[in-house]
Structures are given as C-alpha cells and as structure tokens.
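Student:
Residue numbers (the numbering used here): 247 to 457.
(1) Which first and last residues belong to the beta strand (DSSP E) in which residue 413 is found?
(2) Would you check if the segment 363-375 and the segment 328-336 touch, i.e. whether three or more CB-CB distances between them fall below 8 Å?
(3) Taking the beta carbon of residue 384 as the centre, do at least 16 other beta carbons fall within 10 Å, making it buried, or is it exposed?
(4) If you measure between the beta carbons of residue 341 and residue 355, is that distance less than 8 Å?
(5) Using DSSP's beta-bridge definition, name the partner residues of residue 363.
(6) In terms of residues, what are the limits of the beta strand (DSSP E) holding residue 404?
(7) Please find out if some non-hydrogen atom of the ligand MG comes closer than 7 Å to the beta-carbon of residue 305.
(8) Determine the burial state of residue 346: buried for a count of at least 16 other Cβ atoms within 10 Å of its Cβ, exposed for fewer.
(9) Helix, strand or coil for residue 297 per DSSP?
(10) Straight-line CA distance for residue 436 to residue 399?
(11) Are at least three pairs of beta-carbons, each pair with one atom in the segment 300-315 and one in the segment 419-432, less than 8 Å apart?
(12) Distance, Cα to Cα, residue 405 vs residue 452?
(13) If you draw a straight line from the alpha carbon of residue 327 to that of residue 390, how long is it in whole angstroms?
(14) What is the rounded straight-line gap between the Cα of residue 408 and the Cα of residue 443?
Here it is, written out as structure tokens:
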C-alpha cells in the first residue's frame, strides 16, 4: 500500500512540475508581447496607421463576440488557460497550431467570457516574417512600403485592428473594434498601473532613506 502511495505521489509531483513548466512557458509568451496593455493602453507608440476597406477577421472561423464554450467547440481544449489575477474577467486560452509550413502559438482573449482579441505568435526567420507580412498586406489590399521596418497597425472601417510586430518572433494581433466593454478593461488596467506605480514610489522612498 505504501508503495502505491509513493507511486501516486511521484506522478502527482511530475504532473505539477509539468504544469508549472508549461505555465511559466506561456506566461513568458504573454509577458513578452503583452498586447492587452500595449494596444489598449497604447503604451507602444504606433508610427503608422493604415486603413483597409476589407473587414479584419481572426482566423479559424472565430468571430469576435463568441463565448468561451463556442471557442472550445471549434478549437478543442487549450494547451493552457491563463487567468489574469488583477482582472479576473480577463482570461486567455493558448493553443498550438501548424498551418501550411508555419508553427504558431494562438492566444484567444476573453473579457467577461466574450472573445475580443486573438494573437498569433510565429517562431520564424526574418525572411519568413517578411513573407507573412507581405501576405497580410496583399489580403488587406494595402502597400507593404516600410511596413516591415516599423511599428504599424491596420484598422478597418468599423475600428477593428490588426497589429503587426516583429521582435524575437513575429506577432500578429487582431482586436475587436465593436466591443464597447474594452473601455472598462482599459480603465481597470489604468487603475492597476497607478496602484503599481504608487507601490514602486513607496518602495523607492524606503530605499532612498537608507542611502
């Protein structure tokens, strides 16, 4: 009996390690390209905004406004689910997919269980990233121009956004322009940032007094 308990404990510990490794992995992706803060709060200054006549849509037949249950019916169970501790209504499902020759990580963001943002992260070379961006520009009928060399976003006529960024990876984010509750998310993030800044100021003041 004692032997079976040890075996069960071993596999539970192994699952826990695998879970936390996976959690750290997906958290690192999210923290490196935090599109919720960067785009909604406009932390990163966009150098160019390009208007497209075509409607911006996320892939995998996922329409903005779908509920999480509907997403699961289309994509199956996610590899990982992230819950925002500071804003519990914000959740992210992470999936892995391979389409054509490209492997991608797919983020599906919900606020109050409503899908409002989808993000692709491609682990590709610079040349492959440029080819993907050219395909995006062709699809949305815009000129590539200097698109590859600066921070840009494409906006359609109802305000939905397609944002492209290339750092270590190519990241493409699709954001719903019709979701009015995103403004609430905006306000919540602003408030959280103010709280964090106040804490930092207090911590620095204590440090400063020691000098």
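Note that CB positions come from ideal geometry on N, CA and C, so glycine has one too. Treat the numbers as computed from the prediction; the structure is a model and nothing was measured.
Tutor: Considering the structure as presented:
(1) That residue, residue 413, is in no beta strand (DSSP E); it is neither H nor E in DSSP.
(2) no
(3) exposed
(4) no
(5) 355 and 421
(6) First-last for residue 404: undefined, no H or E at that position.
(7) Of ligands this structure carries none, so the ligand MG is not represented either.
(8) exposed
(9) strand
(10) 22 Å
(11) yes
(12) 45 Å
(13) Residue 327 and residue 390 have their C-alpha atoms roughly 35 Å apart.
(14) Spanning the two alpha carbons is a distance of roughly 30 Å.
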